[in-house]
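Engineer: Chain order of the listed sequences is U and H. Numbering of the first sequence is given in full-length UniProt numbering, commencing with residue 1 and proceeding in unit increments. Numbering of the second sequence is given in full-length UniProt numbering, commencing with residue 1 and proceeding in unit increments.
2 protein chains.
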Amino acid sequence: MNNQATMQRFSLNQITTEQWGLAEAIEGSVRQEVAWMSVWRHKLHEYGLKEAKRHLSDAGLSLSSLCRGGMFSAGTKEERVRRIEDNKRAIVEAAELGTDVLVLVCGPGATNDLNEARSHVEEGIEAIVPYAKDHGLKLGIEPLHPMYAADRSVINTLEQANDLAEKIGKDHVGVVVDAFHVWWDPYLEKQIQRATGNILGFHVSDWKVPIVDMFKGRSLMGDGVIELKKMRKRVEAAGYKGPIEVEIMNQLLWDMNGNEALAQVIDRYHSYV
Amino acid sequence: MNNQATMQRFSLNQITTEQWGLAEAIEGSVRQEVAWMSVWRHKLHEYGLKEAKRHLSDAGLSLSSLCRGGMFSAGTKEERVRRIEDNKRAIVEAAELGTDVLVLVCGPGATNDLNEARSHVEEGIEAIVPYAKDHGLKLGIEPLHPMYAADRSVINTLEQANDLAEKIGKDHVGVVVDAFHVWWDPYLEKQIQRATGNILGFHVSDWKVPIVDMFKGRSLMGDGVIELKKMRKRVEAAGYKGPIEVEIMNQLLWDMNGNEALAQVIDRYHSYV
């Protein structure tokens with residue numbers, strides 16, 4: 001295992017350069033020799049699926065994942081069906097773009113009954129598994145930090161994601177390890193080991209005190225407390241050697257020139273991941 | 001099990017009426033027929049231990065706990081020893097005031113090595129157990145929400161608190177269940193059951209979206225998503241029938257007249273706990 005992550009594994013999660021549209025992000029990535037990207041659906045829809053596919057292909061960029069499916073829980077059966085349909089569209093888009101992972105944010109949060117919301121998530125994933133299978137795609141359950149349990153995700157630990165992946169079936173469902181969401185977990189090492197062979201993605205950013213914004217509170221690697229190299233080595237020991245997505249929601253980064261933001265992100269990646 | 005918590009179990013955690021000094025809080029509690037209080041050490045020191053003891057006794061108030069010991073982890077051996085000494089002073093104060101529980105906030109956070117910080121906490125608790133025993137006191141490990149792992153507590157789930165209490169010894173170490181910190185936990189029910197007979201306190205407040213401040217982000221019961229009645233019944237089923245502390249850090253509440261704030265808190269307690 002290397003003490004430094006290679007540029008070959010660097011993936012730009014598009015939210016990190018929110019100031020860019022998809023075309024700009026593709027061109028900016030090429031300029032700085034980025035090999036992988038993770039595309040967000042709202043940016044994809046702005047640009048158009050066919051245009052995006054052609055542009056990514058011409059640029060020689062590979063997709064580490066499509067962000068995101070999920071958001072299964074809702075108060076009515078009709079709304080839950082509608083959301084499952086939207087996940088099917090996401091699967092089609094992911095397959096069309098040539099990525100093999102659809103990241104699932106398993107929310108939204110618990111507005112009323114937490115157990116019920118969690119049941120909706122399980123039912124939603126089960127409903128789309130056959131569809132993902134038909135499209136040659138894996139579903140990556142990404143547990144979100146417990147501070148999002150009320151409004152963004154009711155899957156909040158890697159243990160819970162592992163439980164769900166094992167229950168629904170690891171042939172088509174895996175887990176995504178995002179450092180920001182899981183770093184605090186006292187049982188993280190054990191749960192990463194348990195996920196061996198079933199980790200579909202690894203995301204990095206940092207946790208800096210104070211967290212000034214619940215959504216845009218992430219920091220550049222090196223600015224916070226997360227022991228990223230240690231976590232990367234654990235994830236590698238569990239068999240994951242794929243792209244490492246840098247996913248940072250941070251207003252200061254978004255206010256910068258996109259090229260400068262990306263250069264800084266790559267620099268921090270080399271030093272701290 | 002009752003569908004409503006009784007006033008006999010209501011305890012005013014003093015931080016809820018931060019606008020009051022201890023003397024005011026005692027008098028305010030008496031006016032509204034509060035039977036229990038939890039006292040914070042900085043307020044106690046302002047007032048003086050002997051004065052406080054006499055005033056509480058004259059008012060007929062019982063102490064549900066003293067807040068707080070803990071804060072064991074530190075970069076140097078000298079600093080850790082200093083903190084253990086401070087915990088011993090807290091034990092003396094708690095015993096003097098006649099409460100049998102010292103709440104431990106097991107921080108501060110992980111500034112460098114998270115596992116090391118957690119080791120410091122374990123060593124710290126082990127160091128003060130004999131002292132607590134001599135003073136007839138139990139130590140209550142209160143897991144704090146994972147969003148405080150970097151700056152306030154490295155014990156972040158009830159499972160972790162249970163592990164620690166069982167390892168160090170349940171004769172003198174138990175757990176404190178604070179709804180705000182643990183409500184999101186997918187394994188909460190199991191861990192409350194596991195803590196049967198070893199729960200030393202139950203704290204209530206609410207989680208309202210958005211959380212506007214990491215420390216002062218708690219809301220009045222009923223304003224957020226936590227299913228408090230369900231949690232109370234689980235804690236009762238695990239044998240805890242003691243005082244229920246209302247512990248709310250909230251600037252709006254602190255900006256109110258103390259009597260009005262307490263009246264509102266009691267009203268919400270009756271409706272939502």
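Note that CB positions come from ideal geometry on N, CA and C, so glycine has one too. Values in this document were obtained by computation on a predicted structure and should not be read as measured data.
Just grab the DSSP bridge partners of residue 36 of chain H for me.
Structural biologist: Numbered from 1 along the second sequence, position 36 holds the residue referred to as residue 36 of chain H. Answer is H/11 and H/62.
Engineer: Using a C-beta to C-beta distance shorter than 8 Å, which residues of chain U count as neighbours of residue 209 of chain H?
Structural biologist: Locating residue 209 of chain H in the second sequence gives position 209, where the first residue counts as 1. Within chain U, the residues near residue 209 of chain H are 109, 150 and 151.
Engineer: Looking at C-beta atoms only, is the number of pairs between the region 95 to 105 of chain U and the region 120 to 140 of chain U that lie closer than 8 Å three or more?
Structural biologist: In short, these stretches touch, since the Cβ pair count reaches three.
Engineer: Give the DSSP-derived three-state secondary structure of residue 104 of chain U in the structure shown.
Structural biologist: For the purposes of this step, residue 104 of chain U is taken as the residue at position 104 of the first sequence. Strand at residue 104 of chain U.
Engineer: Residue 37 of chain H and residue 11 of chain H: beta carbons closer than 8 Å?
Structural biologist: If you number the second sequence from 1, residue 37 of chain H lands on position 37. If you number the second sequence from 1, residue 11 of chain H lands on position 11. The answer is yes: Cβ separation under 8 Å.
Engineer: Spell out the partners DSSP gives residue 139 of chain U in its beta bridges.
Structural biologist: As a working note, residue 139 of chain U is residue 139 in the first sequence. According to DSSP, which records beta bridges pairwise, residue 139 of chain U is partnered with U/102 and U/173.
Engineer: By Cβ distance below 7 Å, which residues in the same chain neighbour residue 215 of chain H in space, the five residues on each side in sequence not counted?
Structural biologist: Stepping through the second sequence from its first residue, residue 215 of chain H is reached at position 215. The answer, listed in chain order, is 249.
Engineer: For a contact meaning CB atoms closer than 9 Å, what does residue 225 of chain U contact in chain H?
Structural biologist: Your numbering for residue 225 of chain U matches position 225 in the first sequence. Within 9 Å Cβ-Cβ: 109, 110, 111, 112, 114, 149, 150 and 151.
Engineer: Would residue 165 of chain H pass as a contact of residue 193 of chain H if the rule is Cβ separation under 8 Å?
Structural biologist: For this step, residue 165 of chain H is matched to residue 165 along the second sequence. For this step, residue 193 of chain H is matched to residue 193 along the second sequence. Not closer than 8 Å, so no.
Engineer: Any contact of the region 137 to 145 of chain U with the region 200 to 211 of chain U, i.e. 3+ C-beta pairs under 8 Å?
Structural biologist: Segments in contact, yes.
Engineer: Anything in chain H within Cβ reach of residue 156 of chain U, meaning under 8 Å, just list it in chain order.
Structural biologist: The residue you call residue 156 of chain U lines up with position 156 of the first sequence. Within 8 Å Cβ-Cβ: 184, 185 and 186.
Engineer: Using the Cα positions of residue 183 of chain U and residue 71 of chain U, report the straight-line distance between them to the nearest angstrom.
Structural biologist: Counted from its first residue, the first sequence places residue 183 of chain U at position 183. Counted from its first residue, the first sequence places residue 71 of chain U at position 71. If you take the alpha carbons of residue 183 of chain U and residue 71 of chain U, they lie about 23 Å apart.
Engineer: Is there contact here, the region 208 to 224 of chain H with the region 243 to 262 of chain U, by at least three beta-carbon pairs under 8 Å?
Structural biologist: Touching, no.
Engineer: Check whether the region 106 to 120 of chain H and the region 147 to 158 of chain H touch, using three or more Cβ-Cβ pairs below 8 Å as the test.
Structural biologist: Yes, since at least three Cβ pairs between the region 106 to 120 of chain H and the region 147 to 158 of chain H fall closer than 8 Å, the two stretches touch.
Engineer: List the residues that DSSP assigns as beta-bridge partners of residue 218 of chain H.
Structural biologist: In the second sequence, counting from the first residue as 1, residue 218 of chain H sits at position 218. In the DSSP output, where bridge partners are listed per residue, residue 218 of chain H has H/207.
Engineer: Going along the chain, which residues of its own chain have a beta-carbon closer than 8 Å to the beta-carbon of residue 274 of chain U, five neighbours each way excluded?
Structural biologist: Here chain U has residues from 1 to 273 only, and residue 274 of chain U is not among them.
Engineer: Beta-carbon of residue 231 of chain U versus every beta-carbon of chain H: anything under 8 Å?
Structural biologist: Taking the first residue of the first sequence as 1, we reach residue 231 of chain U at position 231. Judged by the 8 Å Cβ criterion, residue 231 of chain U is not in contact with chain H.
Engineer: Spatial neighbours of residue 75 of chain U within its chain, please: C-beta separation below 8 Å, excluding the five flanking residues on both sides.
Structural biologist: Locating residue 75 of chain U in the first sequence gives position 75, where the first residue counts as 1. Closer than 8 Å at the Cβ level, and outside the excluded window around residue 75 of chain U, lie 111 and 112.
Engineer: Does the beta-carbon distance from residue 88 of chain U to residue 128 of chain U come in below 8 Å?
Structural biologist: Taking the first sequence and counting its residues from 1, the one referred to as residue 88 of chain U is at position 88. Taking the first sequence and counting its residues from 1, the one referred to as residue 128 of chain U is at position 128. Cβ distance < 8 Å, so residue 88 of chain U and residue 128 of chain U count as in contact.
Engineer: What does the alpha-carbon distance come out to for the pair residue 229 of chain U and residue 102 of chain U?
Structural biologist: In the first sequence, counting from the first residue as 1, residue 229 of chain U sits at position 229. In the first sequence, counting from the first residue as 1, residue 102 of chain U sits at position 102. One C-alpha to the other measures close to 25 Å.
Engineer: Taking the Cβ atom as the reference point for each residue, do residue 263 of chain U and residue 253 of chain U lie within a distance shorter than 8 Å?
Structural biologist: Sequence index remark: in the first sequence, residue 263 of chain U carries index 263 (1-based). Sequence index remark: in the first sequence, residue 253 of chain U carries index 253 (1-based). No, the pair does not count as a contact, with Cβ atoms beyond the cut-off.
Engineer: Compute the beta-carbon to beta-carbon distance between residue 19 of chain H and residue 39 of chain H, rounded to the nearest angstrom, for a pair I have assumed lies under 8 Å.
Structural biologist: One-based indexing of the second sequence puts residue 19 of chain H at position 19. One-based indexing of the second sequence puts residue 39 of chain H at position 39. That belief does not hold up - the Cβ atoms of residue 19 of chain H and residue 39 of chain H are roughly 16 Å apart, past 8 Å.
Engineer: Alpha carbon to alpha carbon, how far is residue 158 of chain U from residue 169 of chain U?
Structural biologist: Position 158 of the first sequence, counted from the first residue, corresponds to residue 158 of chain U. Position 169 of the first sequence, counted from the first residue, corresponds to residue 169 of chain U. Looking at the two C-alpha atoms, the distance is approximately 16 Å.
Engineer: Rounded to whole angstroms, how far is the Cβ of residue 146 of chain H from the Cβ of residue 146 of chain U, which I believe are closer than 8 Å?
Structural biologist: Within the second sequence, the letter at position 146 stands for residue 146 of chain H. Within the first sequence, the letter at position 146 stands for residue 146 of chain U. Right, the Cβ-Cβ distance comes to about 5 Å (below 8 Å), so this counts as a contact.
Engineer: May I have the straight-line CA-CA distance separating residue 181 of chain U from residue 62 of chain H, to the nearest angstrom?
Structural biologist: Taking the first sequence and counting its residues from 1, one reaches residue 181 of chain U at position 181. Taking the second sequence and counting its residues from 1, one reaches residue 62 of chain H at position 62. Straight-line Cα distance between these residues: approximately 41 Å.
Engineer: Shortest alpha-carbon distance to residue 171 of chain H belongs to which of H/178, H/187, H/188 and H/136?
Structural biologist: Working through the second sequence from its first residue, we reach residue 171 of chain H at position 171. Among H/178, H/187, H/188 and H/136, the Cα nearest to that of residue 171 of chain H is on H/136.
Engineer: Measure the Cβ-Cβ separation of residue 274 of chain U and residue 66 of chain U and say whether it is below 8 Å.
Structural biologist: Since the first residue shown for chain U is 1 and the last is 273, residue 274 of chain U is missing from the structure and cannot be characterised.
Engineer: Runs of 3 residues minimum, wholly inside the region 233 to 272 of chain U: which ones carry the beta strand (DSSP E) assignment?
Structural biologist: Listed in chain order, the complete beta strand (DSSP E) runs (minimum 3 residues) inside the region 233 to 272 of chain U are 244 to 246.
Engineer: Helix, strand or coil: which one does DSSP assign to residue 72 of chain U?
Structural biologist: Translated into positions along the first sequence, residue 72 of chain U becomes position 72. Three-state DSSP puts residue 72 of chain U in coil, outside helix and strand.
Engineer: Tell me, please, whether the CB atom of residue 243 of chain H is closer than 8 Å to any CB atom in chain U?
Structural biologist: Counting from 1 along the second sequence, the entry for residue 243 of chain H is found at position 243. Closer than 8 Å: no.
Engineer: From residue 121 of chain U to residue 162 of chain U, what does the alpha carbon distance come to, in whole angstroms?
Structural biologist: For the purposes of this step, residue 121 of chain U is identified with residue 121 of the first sequence, where counting begins at 1. For the purposes of this step, residue 162 of chain U is identified with residue 162 of the first sequence, where counting begins at 1. So the two alpha carbons sit approximately 14 Å from each other.
Engineer: Could you tell me whether the Cβ of residue 145 of chain H comes closer than 8 Å to any Cβ of chain U?
Structural biologist: Taking the first residue of the second sequence as position 1, residue 145 of chain H is located at position 145. Chain U, which has a Cβ nearer than 8 Å to the Cβ of residue 145 of chain H, makes this yes.
Engineer: What would DSSP say about residue 28 of chain U, mapped onto helix, strand or coil?
Structural biologist: Numbered from its first residue, the first sequence carries residue 28 of chain U at position 28. Three-state DSSP puts residue 28 of chain U in a helix.
Engineer: Would you please verify whether the beta carbon of residue 160 of chain H is less than 8 Å from any beta carbon of chain B?
Structural biologist: No chain B is part of this structure, whose protein chains are labelled U and H.
Engineer: Which residues, in order along the region 67 to 97 of chain H, keep a beta-carbon less than 7 Å from a beta-carbon of chain U?
Structural biologist: Per Cβ criterion, the list is empty.
Engineer: Tell me which residue opens and which closes the alpha helix (DSSP H) that residue 119 of chain U is part of.
Structural biologist: The sequence position of residue 119 of chain U within the first sequence is 119, counting from 1. Residue 119 of chain U -> alpha helix (DSSP H) spans 114 to 134.
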